[in-house]
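**Q** So the mapping is simple: the working numbering equals the position in the sequence shown, first residue as 1, plus 176. Can you read through this structure? Questions will come right after.
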Amino acid sequence: MTTKGNYLGEFEELVLLSVASRADEAYGVSIRQYIIDETGRSVNISAVHEVLKRLERKGYLKSKMGGATQERGGRRKRYFVLTASGRRTLEEAMKLKIQLYKRVPNFSLKPI
Numbered sequence: 177m178t179t180k181g182n183y184l185g186e187f188e189e190l191v192l193l194s195v196a197s198r199a200d201e202a203y204g205v206s207i208r209q210y211i212i213d214e215t216g217r218s219v220n221i222s223a224v225h226e227v228l229k230r231l232e233r234k235g236y237l238k239s240k241m242g243g244a245t246q247e248r249g250g251r252r253k254r255y256f257v258l259t260a261s262g263r264r265t266l267e268e269a270m271k272l273k274i275q276l277y278k279r280v281p282n283f284s285l286k287p288i
């Protein structure tokens, strides 16, 4: 899964998909919980934050700060949204995987 020389790792792809799925509620903790709920994996919040920063540097995400809340002790949440480049990267990753799966003999993409 390369895009313009940038390799997209599996966890990066999960984070991008989570941001795309969370719409206006994509921030670190909600992304972590979404990945846990969908994959059953144990996910470290610092790993999520590191990947979010990396994906923003690559131009796949943009972020903005939300308002401060009392429940967070006056701290603000950083919300993430997918950029056009991020969407293209996900589309390319999906196409590549489908193409590769189709080349496996006797493999069906139908649910079991």
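Using N, Cα and C, we set each Cβ at its ideal position, and we do this for glycine too.
Hey, how far is the Cα of Gly249 from the Cα of Ile211?
**A** The straight-line gap from Cα to Cα measures roughly 25 Å.
**Q** Let me know the secondary structure DSSP gives Leu272 once reduced to three states.
**A** It is helical.
**Q** So, under 8 Å CB-CB, Val195 and Phe256 are touching, yes? Tell me the CB distance rounded to an integer number of Å.
**A** Confirmed, Cβ separation roughly 5 Å.
**Q** If you scan the region 187 to 261 from start to end, which runs of the alpha helix (DSSP H) of 4 or more residues do you find wholly inside it?
**A** Qualifying alpha helix (DSSP H) stretches, in chain order: 204 to 215 and 221 to 233.
**Q** Within the same chain, show all residues whose beta-carbon is closer than 7 Å to that of Val191, passing over the 5 residues directly before and after it, in chain order.
**A** Excluding sequence neighbours, Val191 sits near Ile207, Val224, Val227, Leu228 and Leu231.
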